[in-house]
Structure formats: C-alpha cells, structure tokens
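Residue numbers (the working numbering), protein chains in the order written: chain E, 1167 to 1445; chain D, 1167 to 1445; chain X, 69 to 653; chain S, 69 to 653. Input: a single structure, listed below in structure tokens.
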Ligand SMILES: Cc1ncc(C[n+]2csc(CCOP(=O)(O)OP(=O)(O)O)c2C)c(N)n1
Ligand SMILES: Cc1ncc(C[n+]2csc(CCOP(=O)(O)OP(=O)(O)O)c2C)c(N)n1
Ligand code: SF4
Ligand code: SF4
Ligand SMILES: [Mg+2]
Ligand SMILES: [Mg+2]
C-alpha cells in the first residue's frame, strides 16, 4: 500500500547507495537490485519511508546497496524482523528479501507463518536453487539429481520444495513470479506486489552464474504466464500444479484483510494500569 | 513397512508401560494412546523394535505411557529426532507424535521438510487447536476469532493453518485424518499409515476438555470421508480445498520412494580413507 | 496477642513476625481460590504477605497447595516451617513433604474422618479435625474450601469483614447467591474453629493502612516494561514466563502498543529486533529453553546495536527440566551464552516488587546503550503473589535514540568516546543506513579489516563499561566482617537469615547484585571494604554465581559457596545455619 | 645454503627454520592453485609446511593470497613476516597489509610494468620484476601463475621435478596439453628467476622421507570422527565448518555411514540425538551462529544422556561477524551456553594435525560418558592445509553403551557410583525406556521431586568429574618459572615464541589445554608447580579463557592476560614480545 509520502522526482539510480556489491560478475542479483530500484522509482517512494530486511546469503547482501533503511539480519530471520517492524510501524513500506536457502530452508517456518499472518509487506526470494554464499550446496528448490555439491554426492534425492504452492497452501495473499533476466518485467511485478495489501510473495528467479552456470539458460526459458491473476485459491492451486517454474507474472491475488493491530492508546496515562493492583 | 520381527501374541494393553498419564480426565489423548496400542497389536509389532519420538506438550507425554522405546525430546523437534533415528536405523519402526503447537508452530519447518524428505515413518499430530500444556493459548490451527486466550484478546485474527494442505503441498506421501473420538477407526488409519512406505502424516483430532470444552462436540461432527484414498495429488488438492476438518480416513496415498541412503561399507578397513592424504 | 507462632521456629527471632499457612487439597477442591482470597483479605486488613502455588504433575485436577505467609511487615520469602496446615482432603498430600515443614507447635487441620498421611503426621504438630464437608453440605451451594477459609480466618484473627469484602468482589460475576453461600461457609467455618480448645493466638497486628498492591513478579515485570516504554512485545508462551505476556497483551493495547504471539522464539526475538529498529522499545518474556533458542539473535541485537529486552523467568534445568519450579541456573547462559565477544546487559530483580523496577531499568539501559538486556527473574518471583507497598514512580531520562532529524554525514556506527553512536529510525530523511550483524565500518558497510573489528569491539564494550549505573547496581545492607553475596530470589531468604543473626547480635553484610553485566569491580570492592569472609548464596547446582564472581572480581578474604539446586527454595533457616556453622567452624 | 631468511627476522632464532611466501593476485589469477601446488611439491621434496588462503569480500573473483610457510621441521603457525611476496598483479593487494609483513630482507616480486602499492612498498624489501604475463603469452596455453610458480621454486631451491610430479597428477584430468603448458610455464619462470642477481639462498634442507600427509584441520576432524566411530552426521553448511562435512559425506558412505543435509541447525542437532539414541555415534560440524541455535538441544543431549559430538569451527564474532576469519571467541558459549546446570565436555585441538586426535577423542568421551562433547576448532586450523607426519593410529576402548541384551530391572538412569548408567539401544528386547529431557527418576519417569533432581544432577556431574582423562587433557612442554597457558590455535605461535626464548637461554613452560570441560584442577596445579608468572594467551577480545581459568582454578603467582581478537592471527613475535616485555617490566 502506498500511503507514504511521495517523492516523484527520484530516478531508479537514486535508490542505490553507491556501495559496490560483492556479487560475482554476472550474478542475477544485480538485476534484482535494479528491478527493485525501478519499482521504487515507479512508486515514487521516499527512501526514508522504506525499509528492506534480509537474512544471510549472497542475495541477502542487497539492503546495503540501496539507499533506503536496511537490516541485514541473521540467516533465515528476515521475515520476523520485517514483521516486527511493520506491525509496530505500519506507516513504513516494508520489504523482506533473501535467498532460497535463507527463506525456504532455515527460514521455512517463518515463511509459512508470514503467509498466514498476512502482514502488509512484500517478500522477495531470489531463487538460484543453490546456497551461493557457502559455495554451492543444494537448497530446498534444487533438483533431486543435481550432484555438484560435495555434501550430497549423487544428488539430494529429495523432492524439491515448491515455493508458490507452499505460499498458497499457507494463505499468502499475493503470489507472483519474476525473473532477474527481465528487470523491467520484474519491476512491474514488484510494484504490483507492493501495492497489494497484506503479505505478497515474489518468487524471483536469479541465476547463480558461479555454482549453477547452466542457469544462464533461464533467460530463454522464462515466459509470461498466459493467464490473468486469479483471486480464487482453487484456480490458483490448479494453475500451480502445472507450473514449471518458468511462468512469470502475478498468479494469485487474494483479498484477505491485512493483519494490523490498531496502535491507539485508550488510557490517558499509564498510571491507569496501576489500578489493577491496588487492593 | 512391517519388516520387523513379529510378536503376534501381544494384546493392545501389552504395549502400555503402566505409567499413569498426567492428562486431565476426559482428555482425548487417552484414546489416541489406546488407538496406537491397538494399531501396534494389529501389526504384531515387537515393542523393542518400535520407537516413538515426541516433542513437548500434553500430547507429547505419550511415549512414557507405551512399552516401546521412546524419546520425549524438546518442543518442536520430534521430527528431526525421528529422522535421525530412522535414517541410521532403518530396521526400526519409527513414529513421531505431538501436538498442534509442537508440530505446526515451533516445529513447522521440520514438518514441511519431513514431508519432502519422505523418510519412512509415521507422524501423528494430536490436534486440539490449543496449547494445552501452557494453559490455553491459540495454536496455528485455532480459529481466528477464538478469544479465550489472554495472549490474544479478541482472537488471533490470523488465518488458520491447514495441516493436510501443507502436508500435500510439501510432498507428504500419505495423508490421513483420524479422531480420538473413534479409537478403532483411528487404529485402522494408523495401521494403514505405518504400512505405507515413506512419510505418512496422520492428523489426529484429540479434544482438550480443559481449555476447549466445546471440542467435546467433535464426537458428533466427525464422519468418514465419502471417498477412496487417491494417489493423484491434484484430486487430493481439490478434496482438501473443501475439507471441513472433520472428514476421517486416508485421503491421499502417494507412491514416491522413501528416502533411505544405503548403509553399506564399500571399504574393508577405515585406513583406506588415509590414502587421500598421503603425499 | 501472644507470639507463639513467631517463637515456635527455633531461629525465627529477628525475622519478620509472620504466620505461615499451607492449604492443601486435591484437584477441584478450590484451595488456590481460597488461598488467594485469604491473601487478599489479609491485605484488606492491613497485613503484608505472599502466596505461592504448588501442584502435582497432572496438567489439571491434580493435588495442589496454596502456601501463604502473612506478616505485619513486608515479606520476601517463605519460611520452610508452617504454623498451620489445613487439608481439605489428603489425596497425594505427601507430595508436598519437603516443601512444607511442620513441628510440634504447628497445627494440622483435616476434614473429619480423614487420615493424615504418615509422612505428614510424623513431622509433628497438633492434629485437629473440622467437619468441613459436612458443614459445606449443610449450606445451599456451600463448598468445603469456604468453610476452611472461615476457619483459618478465625484461627489467625483475620476479621471476617475483610473476607466478606473480598468474596463479594471476587464473586460479583457469579451473583448474590454464590456470595451468600460463600459467606455462610466462612461463617460456619469460623464458628467451628472458635470452638477448638487451647488454640494459640496467631493474630498479627496490621500496620497502618497505606496503599497496598497485590501483585505477582510476572505482573510487576509487565508493568515495569510498560513504564520503561515498551510498546512492542513478540513472544511464544512458556512456563513460568507466560503470565508476563498474559498481563501485557491487554495492557499494551491500552497504551497503544501491541503483543504478537509468534510462531516460536526465533521469530519472537527477531520480531523484537524489527520493532526496535523501527524505534519502538521492544521486549519478550521466556524461560530457559526459549532463551537458548534466542541467543543467536540476541547476538545480532548486540552486533547491530539494536536495543531489545529479554526477560527469562528461570525454571529448573537443564533441558525441559522442571518447568514449574524455580532455579537460578540460567545465570551462565545469560552471562556467557552468546557466541563471539558480545557484551550486553544482565540484570536480576531481587524481590517480587523489584521485578517492576528491574524490568523498567533494563528497558532504560537497553535503549540508552543500544544493546540487548537480559532480565533474570525466576519462577518463585514470577508466580508468587505478594502484598507490597505501592511501588515508587520512577522515570529515567532516556538516551540512546538520539537522532530524529537529518544530520550531515550520518554514520550509524561512528566510533566515539562514549561508545554510543547516533541511531536514526526509519522515517528520518537523510539518515538511512543498513543495520548489520556482520562486522562493519562506522557507516555499517561489512568489513573484515582488523581495525574495524577492534574499533567496533572496543566501542560495544566501552559504551557499557563507561555508563554510570549509579546505586542501582546492588542492594547493600548492614555492616560486619562477614558478607553474603547473592542475587535474585535468593536475596529474600538471605536477608531474613541476616536479620535473625542480627537479633543475636551478629552483624553480617548483605550484598545483592542487581547488575550482573557489565561487571562493577570498583563498586563491589568498595562494598566489600573490611570484609574477611564471603558466603556466596545461589539456587543452582553448578555454583554459577560463585564462579562468575571469581572470574571477574578480586574478592577479599575467604570465599565460600552455598549453591543449592531447585526445586525447593532456599530458606532463611538454611542460610542462617550455613552462616552459623561457618562461624563455629 | 645460508640462512638469510631465517636470521632476517629479528627474533626468529629458536623457531623452526622456515620460509614464508605470499602469493598474491586478483580473481582468476590462479594464486590459490599455484600455492597449493607449491605446497604439495614441497611435501614431495621432503619439506613440511602449511598454506593459508585469504581473500577479499567478493563471493568469487576478488583478490586472493596464498600464504605459505615451508620448513624442514613441522610448523604449526605462520610468522607475520614474509621472505618472499610474489604478486601476479597488484589489484587491491593493499587489502592484505596487516596479514603480510615485509622488511628490508624480504624480496618483493611483481609482473614487469606493474606498480607496487605504497602500503606494500613502504614496508621495505627488495623489489624485483619478472615478465610473468609476457612469458606466459609466449607459451601455448601458458598462464602467469605457472610462471610465478616456477620462479618461486627456483628461488627457494625446490627441485622442479617435485613440481612436475604434482602438476602431472593434479592436471591429469585436463590432459597432456595442459600439463605441458604448465611445465613449460614453470620452466620459463625458473629460468627467469635464476637470472635475478644477488639472490640469497633461501633453500631449506629436507628431512628424511617418512610418510607425509597433506591435510587441513577440517579434513583431519572428519577423519578423526570416522576413526572415533561416527557413522551418522546431520548438518547444515556454514563457513568455515563446511569442509568437514564435504569431506565426510563421501567418506562416511564408504564406511557404511551417512550424512544428511538438514534444513537448519535445529534439525541437525536433533537428528544427531535420534541417530545416537539408535546406537549410532553421531556428529555435526558448524560455526558460532549454528552452535548458538543448537544449545537448547545440546542441553537435551546432556539431560537425556544421549552422546553427541558438535564441532564448532570458530570464526570472528559476534553475530555473523567475520565468517572467513579465525577467532577463539566461542569459548564462553561452548563452556557456559547451555541453560540450567548442564555438565558436558569441551575439548580443543591445538594444531591442524591434532584436529584428528581431538575429534576422535571427543567422540570417545561423548560415547563413554553419554553426554554432549563440543570440539572447538577454528578457521585457522580448519582451513589451513599442512604437511604433517602420518598421524598415529589410536584406538580407544569404548565404554558407555553397555547394554546389549535384556537385563532384569533395567533402569536407564540408575544412580550409581560412576555416574554412567547402562544404556540400551532400540532393538534390545526388555530394555525399552523413554529418554527424557524433563527431570526424571532412575527409570526415566518425569519427576519434579527434589531428591530425583539432586540425584540426577549429581550423577551427570559425577560421571564427568570422575573419569580419568589421562595425559590427553593438556600438552605440557618445558620448564621455567614463567608459564604460558593457552589453548587451541594459539598454541602454535606460543610454542614458537617459547622456542625463540629458549634459544636466548630463557625457559618458559607451555601448557596448552585440550580438555576445557570438565575442569582438571589437580592436574593443572601439578603442571604449574613452581610457576611464578602465568601469561594467558588467547585470540579473543573478552579474555574469555583468562576469566574461565580464574573462575575454576587456583592459579599460583601473577596472572597476565594477552587477549587479541581476530581477524589477524596471533604471531610468535607477538607472544615473544609480550613475554620479553613482562620480563623487563
Ligand atoms: C545459522 C547459520 N547457519 C548457516 C549459515 C551459513 N550460511 C550463510 S548463507 C547460507 C545459505 C545461502 O543460501 P541462499 O539463502 O540461497 O542465498 P544465496 O547465497 O544463494 O543468494 C548459509 C547456509 C549462517 N550464516 N548462519
Ligand atoms: C522452546 C520452548 N518453548 C516453549 C515451550 C513451552 N511449551 C510447552 S508445551 C507448549 C505447547 C503445547 O501445545 P501443543 O503442542 O499443541 O500440545 P498440547 O499440550 O496441546 O497437547 C509450549 C508452548 C517449551 N517447552 N519449549
Ligand atoms: S556465488 Fe552465485 S549467487 Fe553468489 S554472488 Fe556469485 S553468482 Fe551470485
Ligand atoms: S490440558 Fe487439554 S490437552 Fe492437556 S491433558 Fe488436559 S485436556 Fe488434555
Ligand atoms: Mg540461493
Ligand atoms: Mg495442542
């Protein structure tokens, strides 16, 4: 929801901090950064009214490269930090971001509960189907037969995790996929997500050129979903059952009201609370 | 899978340890205990080849009341304990059990990943839609407008968690619901679950008479699902979308192979490993 | 009034005059209700007192005991010995042996026709039967617990009027019939008790009637949090910390704050970090297992310099341990449980009422020093209800969050003399920064350079070391060449033991430390001036406090450790005996 | 051969004769490959040595340095000073200032036409240019790093034959063309270097050729685990512990075990508990943040008496800290990080090779004593590759899991003298029990009774206290009235500093503690007999080891703390200076 002060004169680059990313040359995350700045400019957000919270991983380095408030938290905990921030400061535009390991492995429980809780914020998971930062282990979204990690010789043999399906099953209010290979398209999806009330989840394909060089092909494989966003979870469920991980666009828009307790004092003075104890 | 030594002469009561449960009179968990012993007797399991692992909560007290190996672990961690046990000791029959708080709130991540990993074990969640042990707070399965907990005055206002839907979305290989109000039916479902290879999830309705006295009505509300178990996730998904929490029976049976690394040495002597270091 | 009750325990001289009453019964017998009403009525009548609940392993419906101590002076601890034990029934009553000590001068009251368990009868005491059930039956809607309540009131000289006031209030919702039945019950009980022959006069003279509060430590911690400015709480229920949250949820709402029930403790601590980053003072309450889950992220609060307050209401450990009983064995994890060098604040309330001040102070310190503060309360403080004087209204001048408008060249982690850097909050234009748990430069950019690391390590330590904690760091009482060093809930029994010795003309110094981290070596050295013997008293098995003191302080004279694990509380008599034995050794 | 290199550092006398070489370059320049090959070749030629990798913040492709030390004797630490610095290019080379110290006698080699950054040139050293790129270009498939490798071999007197052997082996998969190109490169480099005028003779004489291993501390820990009997590992990757897991995954498979990559550290530690409950010795490896997440469940292992081994490869803290650099700052959390009174084992390897023994021993102790053992390795031990003598084959007689068949009246937690109760494993008929983290009776039934609690607390402590840890508890070297007390990776530099003093005729005792918990007061007292001054050396900011010693040991004489945080390693010179300064104070 764009209730914050507007800053119509800012260009995408004005949302960058100038700090040089540590990412490998060619990493998809550069384009995610770009897409985020485009989305912010498109929405004319005032940088001081925006906060982006991340976990740990290559992708989670993102906040430092932006000119908004940022929190580079610990591994897997971006969502609870963002939740605490938004619930107590509903006036801010809050985003959370991180990787597939951060969000779906160690952070999987928070993801599920954030979807249910439906706090008004946007969560961007940069999925490269690998742990980039720790040099290439399998993540929940990795194919069971990917055998390049020494930790799982012969592949994980484990059913991959379908983030969009989990999001829907958990009650996320907005579900979309974007790709860093198309920063303009990704920016549009992000704007859509940020404008939608409640918890919006953006599955962002973002190749790891170092540990998954074959992901460079994703550029050719992604395509727009040939459908309009649905508000019907049943239709969304059906749609996601046949999803091949490369359909882009907003796939589901729910209309559950966002979780936001009212923060309005009903007593004039906190000494009112003493009354409960007086004999 | 019942590959263990059989013990055909044992009766349900022979699977009880004799320790007196701490549960409130009338608690649904008594009947779950009964159903488990019936299932074990039905399968003629040798008590020493069975292990039941639980977390913390009223329901998680269960292992001490059985005559099998048991582990009363910490809150939320029954599934990883059970996973480590089964993966390293595939010869045992392994069960995990606990409450809705234990399994879906603090333990939610393990639940999701256990469904994907598909280790051959059975997980029983005794759902009473409340934290019994800590005296009555809302759990993930609690209705959003249940306002009896002081922690969430006016209700949680949060979308409940649909365990069966999450299980399916996460890739569980067997999904069923049973009710402590029908211990014989529950025993059947448990046998079915234990016999099915891979990870089987049994959603066990088990009223908390103390903090949710209205759940005594569950007895009247449960009914058999008017369908045969499906092996098609799409059909299961559709089925679960219209589920009202009171259909009992096996709702989904998948056929993914169980995750079980082979535990067979390929070297005669561990000094073989030294070779990698010799210059 | 005579003082049979006070002199009957061999060593109670010097301790506050008081009456200890145990009310026992099986599940549903209503002993907790009756005990609470007795306490409130005592408060109405101008007494001080406290009440502890004890119960068996059953989730609900098991045997229970309400343990009361009443006195004309404030009391901070139970004595082991009880003057009166009244059992509504004797089912599983032997479970409480150990918690309840009786002697020849005690009075044991049971329902007519019951049999006192041997474990209890063999401790001594005069046994008296009262027809509790029978009298209750004779009243429409009567209950034995009310009859018992009346009998107790009569025995201890508590005006029935006070009880009537309390009953009318507490049963208001249930209607006049319920009130009438209860009042009839207490009257019947009182009448019956007045017929007991040769009863000693237990009565306690109330002090003058200033404003008195009835409060548990957990409620006091909640109020302290709100007074300290806490407006955001995220938490996951756990015994025995839950009541802090139960009190806070509705009360935060009243002051414009909010409590979020999180999916687990990892979520709750991180929600705090988010709330605090947004400028809202944030707190959680938990117990040992939950604190253990939070340590990684408490480290993040320390490294990113984001204020958070964590109240650990300690219970028996290790692991799930003994959830319903008290112990001071989380001291180590609170002091040392963060990975890396992570200086933070650890404080501990030393009485039920002090849970208010200490939590408020912890909030002030966390906010001012931009770090994590851990408050070590425990089950005995948290879940015991006490009658206390209206607590003072204290306001701290807050610091810490110094930046509210654009500043040129804002550096979130600038290295300065005091170590506290300016902290902007989101919404402040021109002061955007990224908080980070990676080591960083003064602007917050991740850095693995040696200079940056040492500068930030020094700064995070310096800000805590240099701050002036004033007199709040400890409570120091008395003189003498022997000192007792203690903390937290052990303070009450130590204080009373020292009073007992004082009555014998022996002077022992009491030093109870409220501030455990950062250490205060000069202050403690000054407090110990002239001391030759130090007894370190704590309720844990591993002598954690004793080792902490050795590690960080140069202590004069001979040091002796008295470390007793839970679940039984340390009693004044225990400390008295230890001190006396040492003196005579 | 002269010993210019060895005498050039003011205080290297007494230390092992050695050569320190830094190989620098930006991303893709292949310095790490070349460095590794140089080390292996040195091993082939009969030398000892070690190599550390250092790199900038870039995930990949940033500047990197291979830091080598070669010697005829085993070496356990780097010196700060380097004899030779060779940069393939100078991009961001100044990042390594601090890690690489040069002096007048150092030789600095750069590619022709490059400019040495001022931060480096101002340290001194003779600058020599070699046409690395140009020579590489002249070879089909040639690369500057191979030219550099050849030049270095020539300079230090390493037979090119040894390099050729290593290259042929390591490039076997890439085919003969690649091998030929590399060999042409090293020949070109060697030839060019031989033309450098007035070069001191850096050559080191190899010792006789016994079996030598090339191993990192992380690999050694993996091997130690398997030797100790570990057959189940569950883990979550984290820098700098991941390589233990990477080595274990395929090797466990070979011995019939398995590694499971878990969803997080909460899962991995609990999977271990399950594996161990099932009778399979189980281990995980992690680093500070992961250890923090595990503490709740390590407490469960302690309370339920289920053996588990947790290797913490420490990195810079607090919080995410400095993941790629070493620090000894997780000592506190390892010792004290569990809630409640939870006695457990903490051990620390004191050299790269010792990671093998210590991990094996930890497994033995955990299994025998049915508890949790934490192994404190660190990044510098774990990720440094060393050439060491073939480690001894040690077999412990295992105990602990004593019950394999039905026993009458089996009580899992029976209270006995040694404190170690019989433990059955699932599958054993008639010995079923429920393991519990709640306090329990001897049979495992939950209990909150005081007697049960104290009995089990005593038992869990007693079994650790009474066990005979033999000589493994510490390494004690030398005599003297001054002692250095240290642990872990600080041992190497301390040892070398003491050797330097020894060469000056000064005697200093070294006590490096491998066993940190349970404490060994009698043993340490004996080891300190006659000592008057104790310097406590450790790599952390909070002097954690120093405070631990104060807390638990009565130390004779004067105590002094030398606590230096990471990321820079403590160097022999630093310890030498500290000791000399204290002596002269
Ligand atoms: C508690 C904890 N466990 C493990 C780690 C190590 N770690 C850092 S990043 C990471 C995974 C990163 O993967 P992902 O989230 O997919 O991000 P990417 O690097 O691929 O963008 C891990 C395991 C950590 N920092 N903290
Ligand atoms: C780490 C941790 N957090 C919190 C608790 C407190 N706790 C014990 S049981 C429980 C919830 C139990 O609810 P559920 O799993 O639904 O079981 P029930 O009692 O309803 O059967 C909680 C929160 C704990 N023991 N450990
Ligand atoms: S390792 Fe992969 S994810 Fe990380 S910065 Fe490099 S390309 Fe990007
Ligand atoms: S509180 Fe509820 S769940 Fe717990 S034992 Fe009682 S009835 Fe059962
Ligand atoms: Mg990733
Ligand atoms: Mg429940």
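Glycine is no exception: its CB is placed at the ideal position from the N, C-alpha and C atoms. Predicted model, so just to flag it, every value in this text is computed and none were measured.
The alpha helix (DSSP H) that contains residue i, what's its start and end?
i: residue 450 (chain X); result: 447 to 450
i: residue 167 (chain S); result: Per DSSP, residue 167 (chain S) belongs to no alpha helix (DSSP H) and is neither H nor E.
i: residue 245 (chain X); result: 244 to 262
i: residue 646 (chain S); result: 640 to 652
What is the DSSP secondary structure of residue i, counted as helix, strand or coil?
i: residue 299 (chain X); result: coil
i: residue 38 (chain X); result: Given a span of 69 to 653 for chain X in the structure shown, any question on residue 38 (chain X) remains unanswerable.
i: residue 1426 (chain E); result: coil
i: residue 60 (chain S); result: This structure leaves residue 60 (chain S) out entirely; chain S is present only between 69 and 653.
i: residue 1279 (chain E); result: helix
i: residue 1238 (chain D); result: strand
i: residue 606 (chain X); result: strand
i: residue 1293 (chain E); result: strand
i: residue 115 (chain S); result: coil
i: residue 422 (chain X); result: helix
Tell me which residue opens and which closes the beta strand (DSSP E) that residue i is part of.
i: residue 1219 (chain D); result: 1216 to 1220
i: residue 370 (chain S); result: Segment 356 to 372 is the alpha helix (DSSP H) holding residue 370 (chain S); no beta strand (DSSP E) there.
i: residue 139 (chain X); result: 132 to 139
Relative to the alpha-carbon of residue i, which residue among the options has its alpha-carbon at the smallest distance?
i: residue 397 (chain S); options: X:235, X:197, X:407; result: X:407
i: residue 175 (chain X); options: X:198, X:329, X:425, X:164; result: X:198
i: residue 354 (chain X); options: X:385, X:376, X:312; result: X:312
i: residue 537 (chain X); options: X:503, X:429, X:510, X:265; result: X:429
i: residue 318 (chain S); options: D:1423, D:1442, D:1223, D:1420; result: D:1442
i: residue 1263 (chain E); options: E:1339, E:1356, E:1385, E:1395; result: E:1356
i: residue 573 (chain S); options: S:236, S:401, S:548, S:386; result: S:548
Can you determine whether any heavy atom of ligand 8 sits closer than 7 Å to the C-beta of residue i, and answer yes or no?
i: residue 1296 (chain D); result: For the structure depicted, ligand 8 is absent and the ligand set comprises only ligand 1, ligand 2, ligand 3, ligand 4, ligand 5 and ligand 6.
Which residues, in chain order, does the region 1326 to 1356 of chain D contribute to contact with chain E at a C-beta distance below 8 Å? 1326, 1327, 1328, 1331, 1332, 1334, 1335, 1336, 1337
Pairing CB atoms from the region 1371 to 1385 of chain E with CB atoms from the region 1293 to 1313 of chain E, are three or more of them under 8 Å? yes
Along the region 124 to 145 of chain S, where does the CB come closer than 7 Å to a CB of chain E? Name the residues. 125, 126, 127, 128, 129
Any residues in the region 487 to 498 of chain S with a beta carbon nearer than 9 Å to a beta carbon of chain D? Which ones, in chain order? 492, 493, 494, 495, 496, 497, 498
Take every Cβ of the region 185 to 193 of chain X, pair it with every Cβ of the region 113 to 120 of chain X, and state whether three or more of those distances are shorter than 8 Å. no
Closer than 8 Å is the cut-off here; do at least three beta carbon pairs connect the region 1310 to 1324 of chain E with the region 1346 to 1358 of chain E? no
Count the C-beta pairs between the region 480 to 499 of chain S and the region 146 to 164 of chain S that are closer than 8 Å, then say yes if the count reaches three, no if not. no
Three or more C-beta pairs below 8 Å linking the region 250 to 263 of chain X and the region 274 to 284 of chain X: no
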